[in-house]
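Engineer:
Number of protein chains: 2
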Amino acid sequence: MASIQRTSPANDQRENGRQHVFDAIRQAGRIARIDIARETQVSPATVTAITSELLSAGLIEEITPEGDRTGAKRGRPRVALKVRGAAHLIAGIKISDRSATVILVDFEGQTVGEYDHELPGPVMSAEEIVDLVMRALAGACAAAGRHVREISGVGLGLAGLIDATRNFVHWSPSLDQRNVELGRMLSDAMPVPFYMDNDANLVAKAEQLFGEARNVSDFIVITIEQGVGMGIVIDGKIYRGERGCGAEFGHTKVQLDGALCRCGQRGCLEAYVGDYALLREANIRGSAQPEDDLSALYARAKAGDAMARSIFDRAGRMFAMGLANVINIFDPSLVILSGEQMTFDFLYGSDVLDRVKSSVVQVDAPLPEIRVHKWGDLMWAKGAAACAMEGVSELTIRNLGADAA
Amino acid sequence: MASIQRTSPANDQRENGRQHVFDAIRQAGRIARIDIARETQVSPATVTAITSELLSAGLIEEITPEGDRTGAKRGRPRVALKVRGAAHLIAGIKISDRSATVILVDFEGQTVGEYDHELPGPVMSAEEIVDLVMRALAGACAAAGRHVREISGVGLGLAGLIDATRNFVHWSPSLDQRNVELGRMLSDAMPVPFYMDNDANLVAKAEQLFGEARNVSDFIVITIEQGVGMGIVIDGKIYRGERGCGAEFGHTKVQLDGALCRCGQRGCLEAYVGDYALLREANIRGSAQPEDDLSALYARAKAGDAMARSIFDRAGRMFAMGLANVINIFDPSLVILSGEQMTFDFLYGSDVLDRVKSSVVQVDAPLPEIRVHKWGDLMWAKGAAACAMEGVSELTIRNLGADAA
DNA sequence: ATCATTTAATTTGATCTTTGAAAAAAATAG
DNA sequence: CTATTTTTTTCAAAGATCAAATTAAATGAT
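Chains as they are written, first to last, in the numbering used here: chain H, 1 to 405; chain Z, 1001 to 1405.
Encoded structure:
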């Protein structure tokens, strides 16, 4: 097995090069050595050296040249390289309040299998979560005709305040206790690297690796699930504040002494756009029977019900204000609004986006691009898989040097 | 003279090492080689090699050992190294609406001279600014008994939207035109590197090099002058969004469709806490003669005038809300509130800080530290000098390799 | 067919850096 | 005066990167 120890001094430099080259290959999908050299600013000689290492380690593979021959008409044809999917099997799991969704992907990011595991209840003990994860992984593997032992890394997505650097759960709505060393417990139950993070960062990773933010080094992702989440990527890395719990977009205040939030404070954005906030308003306004179905409320708004429409309107205005604040602070080049169906209609609509644009500081430079990305319900699990994939890549490449000895 | 060309491949690595070591020395003030090795994770052998280069280049110097002998009782005594102040003379200039303040510092950051230059008027043409800078530098040098030609770098602070990476002024209240290549014009007038930035980033640099944020890699600085500014430091570097004009804290919205801001939008924080916002309120409220002196208004508030007090109260509440939002988004380890006298009393008071703390998402981890830093009126110029100092250091060290050839 | 041409990839030799280990230097304790 | 301790420097070994030269693999032209 590979060891973590530092082997030789210059090995450090080489590891860096390997990481660079591998990233370039993953980003490009398929790319010839000469183009890697151009992109990474590394000499062709070194690219040859590094790719040959990666090839013999089985992490990448050559593509048998097809009849494309783009560009050049003469000369030795370039042979493209790509990540070798079979090199690793990666799992991503997202635990929501109803179920655990698992996705299996290969090292290229191709989906190998999906699986959904019902939850006994929305809140569990740490031991139950560990057990659940193990059974979900087993189920997913069985369904895909793979074996659990083939998995080389697992990403886990949880709502709440997660410290991803320590695989530590400050708090999660799925857990019945605070401050859990969940990462350690999982590693004890299954000897593969685990990677945990909160929902929004998950989606940020997914956008970066598979989605709208490929080749973008600074961007922001906003997601809406139960609450409102934000993922910040600066310089290619997820930014996670000091205590590992930054980007609490949902709890930025949009109104002085405003509506009561479930966090106990007043005026949080979430207290205006969250599910419970919308339903609360609908109920207060004197409807005969208590409203508890958001889609029904939404249907009424669409049908023209003034009261229902007003509820969604205010949510949209507040959301626009919060988002504009984030843009004013970060001035990112790209903002991605990720979400599922309904979110789009009432929060990601053009009227809201227009409002955002008119609330951003104006300069003689184009406004940041706001892109809307409609994912399927596997978005979260895919993000978890993306995190694990990144982690496994880094680990494998680091260990290449040590193993060579 | 030194050239910018890349010399050898591995030179890159060496430059990195030099930069690291030099930073360690500057940060520590005085430090022995063995401790540099410990801190930078570089071997003692390499530290010796690098420091000997820096020594012979005159950038650092050995300190004649004094009778301290901290710690160890036997063995060869460590000789401390420090930055050699005489290596460079650096100037920092801040242009406000009334005057241009110049500070001269040596390479250690020690103040060598100060100088204040009256402005003909608050708004000038680009040519007038260039001229003004030249005359201010000359004046400062004359007063300090130095020659302008000794200066190796100049930092310039301006209010407005500045793109520091290109030394480009999108807009500044001091300039009568937009989109000015001020950096190029200055370089044409005087052949030294110029470094420009907006006020808040300036102060952030000053805090990082000379102030409260030494050895802190992630922090936020809030400053109040005419408007409200923010500087963000992530991973030791100033964060400047995509268009080079992020961190527009003053124009984050704290009220939906709120008070009119001079930027033309509604609800900006600045429209509640800026000088003009406070005076505007005071005047609207039916006082006999128009109020145009903020300190008079403030005195009335302190004396118990309910109306005046209410004005400052609201400003404080809005400020707290905006600051809490920033903290919720960034989760920084340190927030520094930098400013001059009056700001403290009504915005940086304990009641406002308490309000901030109670609006931040609560976790089982200590809240970010909020430190208040009262600078003299040289704060801005010092920040400009800090920027220049950093730039000159980097440049000098980069050129070491080239010059050696 | 064969050869010149073109482009991609690999090999080779030189240059540099970093580092561990050994040596030297500079002090104190006994 | 010698042994010990700690810091600094020297030295040789181990790699890494790159420019230049070479090889490989195609197409066009004659």
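For glycine and all other residues, C-beta sits at the position ideal for the given N, C-alpha and C.
If you follow the beta strand (DSSP E) that N198 (chain H) is in, where does it begin and where does it stop?
Structural biologist: Note, N198 (chain H): beta strand (DSSP E), F194 to N198.
Engineer: Looking at the secondary structure, which residues open and close the alpha helix (DSSP H) in which L1161 (chain Z) lies?
Structural biologist: Run containing L1161 (chain Z): none in the alpha helix (DSSP H); it sits in the beta strand (DSSP E), L1161 to D1163.
Engineer: For L1400 (chain Z), which option in Z:R1078, Z:A1037, Z:V1042 and Z:L1059 has the closest C-alpha, if you only look at C-alpha atoms?
Structural biologist: When only C-alpha atoms are compared, the closest one is Z:L1059.
Engineer: Can you pull the chain Z neighbours of H406 (chain H), defined as C-beta to C-beta under 8 Å?
Structural biologist: Residue 406 (chain H) lies beyond the stretch modelled for chain H, which goes from 1 to 405, so this question has no answer here.
Engineer: Counting C-beta neighbours from all protein chains within 10 Å, is the total for S1152 (chain Z) 16 or more, i.e. buried, or is it exposed?
Structural biologist: So S1152 (chain Z) ends up on the buried side.
Engineer: Would you grab the beta carbon distance between G231 (chain H) and A204 (chain H) for me? Rounded to a whole angstrom, and I think it's under 8 Å.
Structural biologist: Rounded, the Cβ-Cβ distance is 3 Å, consistent with contact.
Engineer: Quick one: using the 10 Å Cβ neighbour count with 16 as the cut-off for buried, is P332 (chain H) buried or exposed?
Structural biologist: It is buried - the Cβ of P332 (chain H) has at least 16 other Cβ atoms within 10 Å.
Engineer: Who are the Cβ neighbours of S1217 (chain Z) in its own chain at under 7 Å, not counting the five residues just before and after it?
Structural biologist: Excluding sequence neighbours, S1217 (chain Z) sits near D1235 and G1236.
Engineer: Should S338 (chain H) go down as buried or exposed, given a rule of 16 or more other Cβ atoms within 10 Å for buried?
Structural biologist: The residue in question, S338 (chain H), is buried, as its Cβ has 16 or more Cβ neighbours within 10 Å.
Engineer: Measuring CA to CA, which of Z:G1109, Z:T1101, Z:I1090 and Z:D1197 is closest to R1406 (chain Z)?
Structural biologist: This structure leaves residue 1406 (chain Z) out entirely; chain Z is present only between 1001 and 1405.
Engineer: Write down every uninterrupted run of the beta strand (DSSP E) in the segment 69–133 of chain H whose length is 3 residues or greater and which is fully enclosed by it, in chain order.
Structural biologist: Counting only runs of 3 or more, we get 80–83, 89–95, 99–106 and 111–118.
Engineer: Between which residues of its own chain and A1452 (chain Z) is the CB-CB distance below 6 Å, once the five residues before and five after are set aside?
Structural biologist: The first residue shown for chain Z is 1001 and the last is 1405, placing residue 1452 (chain Z) beyond what the model contains.
Engineer: Write down the C-beta distance between A129 (chain H) and S174 (chain H) rounded to the nearest angstrom, noting that I regard them as a contact closer than 8 Å.
Structural biologist: Looking at the sequence provided, one finds Ile at residue 129 (chain H) rather than Ala. Indeed, because the Cβ distance is near 7 Å, the residues count as touching under 8 Å.
Engineer: Pick out the complete beta strand (DSSP E) segments inside the segment 1179–1265 of chain Z, 3 residues or longer, and give them in chain order.
Structural biologist: Whole beta strand (DSSP E) segments, 3+ residues: 1194–1198, 1219–1224 and 1228–1234.
Engineer: Is the beta carbon of E1270 (chain Z) sitting closer than 8 Å to the one on G1250 (chain Z)?
Structural biologist: Contact flag set, yes.
Engineer: Counting only the same chain and skipping the five closest in sequence on each side, list residues whose C-beta sits under 7 Å from that of I1034 (chain Z).
Structural biologist: Within the same chain, I1034 (chain Z) has close Cβ partners P1044 and R1078.
Engineer: Opposite K440 (chain H) in the DSSP bridges: which residues?
Structural biologist: Chain H is shown only over 1 to 405; residue 440 (chain H) falls outside these bounds and no answer can be derived.
Engineer: Please classify G1017 (chain Z): does DSSP put it in a helix, a strand, or coil?
Structural biologist: The answer is helix: DSSP assigns G1017 (chain Z) an H, G or I state.
Engineer: For the segment 176–190 of chain H, list every residue whose C-beta sits within 8 Å of some C-beta in chain Z, in sequence order.
Structural biologist: Cβ contacts with chain Z come from R178 and N179.
Engineer: Identify, in the order they occur along the chain, each residue of the same chain with its Cβ nearer than 7 Å to the Cβ of M1318 (chain Z), setting aside the five sequence neighbours on each side.
Structural biologist: Excluding residues within five positions, the ones whose Cβ falls inside 7 Å are V1254, L1269, Y1272 and V1273.
Engineer: Who does E1369 (chain Z) pair with in a DSSP beta bridge?
Structural biologist: According to DSSP, which records beta bridges pairwise, E1369 (chain Z) is partnered with Z:L1334.
Engineer: How many angstroms separate the CA atom of I1336 (chain Z) from the CA atom of P1366 (chain Z)?
Structural biologist: If you take the alpha carbons of I1336 (chain Z) and P1366 (chain Z), they lie about 16 Å apart.
Engineer: If the cut-off is 9 Å on Cβ atoms, which residues from the segment 227–239 of chain H count as contacting chain Z, listed in chain order?
Structural biologist: Answer in chain order: M230, I232, I234, D235, K237 and Y239.
Engineer: For a contact meaning CB atoms closer than 9 Å, what does C1261 (chain Z) contact in chain H?
Structural biologist: Going along chain H, no residue has its Cβ under 9 Å from C1261 (chain Z), so there is no contact; the nearest lies around 10 Å.
Engineer: If we define contact as Cβ-Cβ less than 8 Å, is T252 (chain H) a contact residue for chain Z?
Structural biologist: Yes, its Cβ sits closer than 8 Å to a Cβ of chain Z.
Engineer: Check the Cβ-Cβ distances between I329 (chain H) and every residue of chain Z, and say whether any is below 8 Å.
Structural biologist: I329 (chain H) counts as touching chain Z.
Engineer: Suppose contacts are defined by Cβ-Cβ distances below 8 Å. Is G304 (chain H) in contact with G157 (chain H) by that definition?
Structural biologist: Cβ atoms of G304 (chain H) and G157 (chain H): not closer than 8 Å.
Engineer: Determine, for N1325 (chain Z), whether the minimum Cβ-Cβ distance to residues of chain H falls below 8 Å.
Structural biologist: Yes, N1325 (chain Z) lies at the interface with chain H (some Cβ there is under 8 Å from its Cβ).
Engineer: Indicate the three-state DSSP secondary structure (helix, strand or coil) for S1052 (chain Z) in the structure shown.
Structural biologist: Correct three-state label for S1052 (chain Z): helix.
Engineer: Hey, how far is the Cα of D1377 (chain Z) from the Cα of S1096 (chain Z)?
Structural biologist: The straight-line gap from Cα to Cα measures roughly 11 Å.
Engineer: Along chain H, which residues have their Cβ under 7 Å away from the Cβ of D1218 (chain Z)?
Structural biologist: The contacting residues are E242.
Engineer: Determine, using beta carbons only, whether A295 (chain H) comes closer than 8 Å to chain Z.
Structural biologist: At residue 295 (chain H) the sequence reads Ser, which differs from the Ala that was named. No, no contact with chain Z.
Engineer: Please identify, using Cβ separations under 7 Å, the residues of the segment 1264–1281 of chain Z that lie next to chain H, in order along the chain.
Structural biologist: Result list: Q1265.
Engineer: Contact defined as beta carbons within less than 8 Å: I believe V1233 (chain Z) pairs with F1219 (chain Z). What is the distance between those atoms, to the nearest angstrom?
Structural biologist: Rounded, the Cβ-Cβ distance is 5 Å, consistent with contact.
Engineer: Taking 8 Å as the threshold (beta carbon to beta carbon), is E248 (chain H) in contact with chain Z?
Structural biologist: Cβ-Cβ to chain Z under 8 Å: yes for E248 (chain H).
Engineer: Spatial neighbours of A138 (chain H) within its chain, please: C-beta separation below 8 Å, excluding the five flanking residues on both sides.
Structural biologist: Only V148 meet the Cβ criterion.
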